[in-house]
Amino acid sequence: MGRRGFLRDVGLTGAGVLGASVAGGGSAAAAPAEPAPTGHARGAGGERRLGPGDFGGERQLLLPEVVLLPDGPRRGQGVLVEKGRFREVGDADRLTARHPNLRPVRMDGKLLMPGFVDAHHHLTQSFGKAQAFGQPSEIFKSVWEPLEHALDEKSAYLSAKLASLEALRGGFTTVADAGTRAPVDVEVVARGAEEAGIRCVLARVVSDGKGGEEHLGRWDGNPLIHPSLAIPVPEDATAAVHRKTAKLCAEADAVLQVHVNEHLASVERSLKSTGRRPLEYLHHIGALGPHTLGAHGTLLTPAEMRMLADSGAALSYNPVASSWKGNAVTHATMLDAMGVRFGTGTDGTRGDGFRLVDAAETAQRLAYGIASGDSVCGAGRMWLRHATSLSADALGLGKVTGEIAEGRAADYLVVDLRVPELTPSTDLEWELVRFGNRDLITAVVVAGRLRLWEGNPRDWDASALVDEVASLAPEVVRRADIDRVEPR
Numbered sequence: 051m052g053r054r055g056f057l058r059d060v061g062l063t064g065a066g067v068l069g070a071s072v073a074g075g076g077s078a079a080a081a082p083a084e085p086a087p088t089g090h091a092r093g094a095g096g097e098r099r100l101g102p103g104d105f106g107g108e109r110q111l112l113l114p115e116v117v118l119l120p121d122g123p124r125r126g127q128g129v130l131v132e133k134g135r136f137r138e139v140g141d142a143d144r145l146t147a148r149h150p151n152l153r154p155v156r157m158d159g160k161l162l163m164p165g166f167v168d169a170h171h172h173l174t175q176s177f178g179k180a181q182a183f184g185q186p187s188e189i190f191k192s193v194w195e196p197l198e199h200a201l202d203e204k205s206a207y208l209s210a211k212l213a214s215l216e217a218l219r220g221g222f223t224t225v226a227d228a229g230t231r232a233p234v235d236v237e238v239v240a241r242g243a244e245e246a247g248i249r250c251v252l253a254r255v256v257s258d259g260k261g262g263e264e265h266l267g268r269w270d271g272n273p274l275i276h277p278s279l280a281i282p283v284p285e286d287a288t289a290a291v292h293r294k295t296a297k298l299c300a301e302a303d304a305v306l307q308v309h310v311n312e313h314l315a316s317v318e319r320s321l322k323s324t325g326r327r328p329l330e331y332l333h334h335i336g337a338l339g340p341h342t343l344g345a346h347g348t349l350l351t352p353a354e355m356r357m358l359a360d361s362g363a364a365l366s367y368n369p370v371a372s373s374w375k376g377n378a379v380t381h382a383t384m385l386d387a388m389g390v391r392f393g394t395g396t397d398g399t400r401g402d403g404f405r406l407v408d409a410a411e412t413a414q415r416l417a418y419g420i421a422s423g424d425s426v427c428g429a430g431r432m433w434l435r436h437a438t439s440l441s442a443d444a445l446g447l448g449k450v451t452g453e454i455a456e457g458r459a460a461d462y463l464v465v466d467l468r469v470p471e472l473t474p475s476t477d478l479e480w481e482l483v484r485f486g487n488r489d490l491i492t493a494v495v496v497a498g499r500l501r502l503w504e505g506n507p508r509d510w511d512a513s514a515l516v517d518e519v520a521s522l523a524p525e526v527v528r529r530a531d532i533d534r535v536e537p538r
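Position in the sequence shown counted from 1, then plus 50, gives you the working numbering.
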């Protein structure tokens, strides 16, 4: 089934297809997979065309037209994938000669690039995405908490799988779930992510100080699930719990996720309850360190930026969230100049990695670049790095994913270069940031396994998931008692 076929089956063809032209899918019950082609399609001139069957087996020698390496895009490079990892990256001719028994997979007109890494997501909020539109900034109390409290195991699982599918369609190979408030075992969230095929940093909320150690040890040996702990906002836990949780994460080499300095109301609430701003408070009680992952940080003072830099803590810059419901935009270019570790995150807004990097650069330009006459605002390379390798670093996965480099997990995208958006090409990194979108993604591979081909899962039924969610979600939203401010 092609993109149009999937969209037709779920009722999205016609005028509505423009916003969702890369289809994908997921279902609670896996349906028979579309069989992999036994042969290979031929182009009009008889040339062999790339197909999903090219990505099978434990060893693959990939020869794309361009590879996005840590130092930039390069031609003439080859990549050997073995048992889900990049084993060799180097000159294509040398690699081909070194492995004569492997049939090279030639990818003319294609870019091989790292998958995007979403540094901040809420997988169990996908049923209420449109409920947040036009609402005042602090919607976690009026929308997200009621919605998540209305979930049961089935709906939480379906929500997580739906969100994971959307992320994969948009080129994300890793997402960081910031912890659900749903009254369910987080195993159902892990199952949804695993079945979709995405790598997930999975948090458990431990504001009461319980269950953290068990959660951190629960996923040993799981190739896709990386445990994390979360305290949603600093005032949710005592200073002792913060310190205990930070220590657990440091010992387990996991991240502690906490929302900090997101909205004016939250800053003022912290000042009244602790006498300090949220991030300043974490620093004061000794809970800010290299294993801390703060979310948002839109309202940081220069002193707090210095605290981040000195402590080694990381931050998730979520530009679309700022645009849709925030009080401000994180000063990301300043953080970069100060050496603060940060990645980019969707906050569950929309799952398109290319649109996210575009928003990241655009928000900086509008909020800070124009006022200072900065016409560069980091340039294309900075935003791609902060959406891939540096996002992985912020999640504690810098040695696992985020780069096409020897030893890293084979989490990558195959992107079509022979398109009007990228023709003619002068600076590919800028062009990917400014012109890219998920329509350009041919394949999404996680841990060496093909997860999507032209937006469609290879081993489960996407349209069945969409149908099931469409039937179930309205009832979940109805019983959630969401308190919306209706636009006039």
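The beta-carbon is built from N, C-alpha and C at its ideal position, and this holds for glycine as well.
In summary, residue 392 is buried, with 16 or more beta-carbon neighbours lying within 10 Å of its beta-carbon over all protein chains present. Residue 164 is bridged by DSSP to 462. Using a 10 angstroms sphere on the CB of residue 524, the tally of other CB atoms stays under 16, which defines it as exposed. If the five residues before and after residue 299 are omitted, its C-beta is found closer than 7 angstroms to the C-beta atoms of 279, 305, 306, 341, all from its own chain and listed in chain order.
Your pair residue 129 and residue 117 checks out as a contact, with CB atoms roughly 6 angstroms apart and the cut at 8 angstroms. Of the residues 467, 321, 480, 509, the one whose Cα lies closest to the Cα of residue 114 is 467. For residue 433, the closest alpha carbon among the candidates 424, 409, 328, 266 is that of 409.
Counting C-beta pairs closer than 8 angstroms gives fewer than three between the region 511-529 and the region 470-479, which falls short of the contact rule. In the structure shown, residue 258 adopts coil according to DSSP, grouped into three states. Listed as beta-bridge partners of residue 141 by DSSP are 127. Judged by DSSP secondary structure, residue 509 falls outside any beta strand (DSSP E); it is assigned neither H nor E.
DSSP places residue 108 in the coil class of the three-state scheme, outside both helix and strand. Around the beta carbon of residue 222, 16 or more other beta carbons lie within 10 angstroms, which makes this residue buried. In this model, residue 107 and residue 145 are separated by some 18 angstroms (Cα to Cα). The region 201-210 makes contact with the region 174-181, as at least three CB pairs between them are under 8 angstroms. Between the C-alpha atoms of residue 380 and residue 452 there is a straight-line separation of about 22 angstroms. For the region 368-403, the full-length beta strand (DSSP E) segments reaching 3 residues or more read 391-394 along the chain. For residue 485, the uninterrupted alpha helix (DSSP H) run begins and ends at 478-485, by DSSP. Contact between the region 498-516 and the region 209-219 is present: three or more C-beta pairs spanning the two stretches fall below 8 angstroms. By the criterion of at least three beta-carbon pairs nearer than 8 angstroms, the region 144-162 is not in contact with the region 182-190. Boundaries for residue 150: no beta strand (DSSP E) harbours it, and the DSSP string shows neither H nor E there. Assignment of beta-bridge partners to residue 136 by DSSP yields 131. The beta-carbon separation of residue 382 and residue 368, rounded to 10 angstroms, does not stay under the 8 angstroms limit for a contact.
For residue 244, the CB contacts under 6 angstroms within the same chain, skipping 5 residues up- and downstream, are 274 in chain order. Residue 443 counts as buried, since at least 16 other C-beta atoms from the protein chains shown sit within 10 angstroms of its C-beta.
A direct Cα-Cα distance of roughly 16 angstroms separates residue 494 from residue 437.
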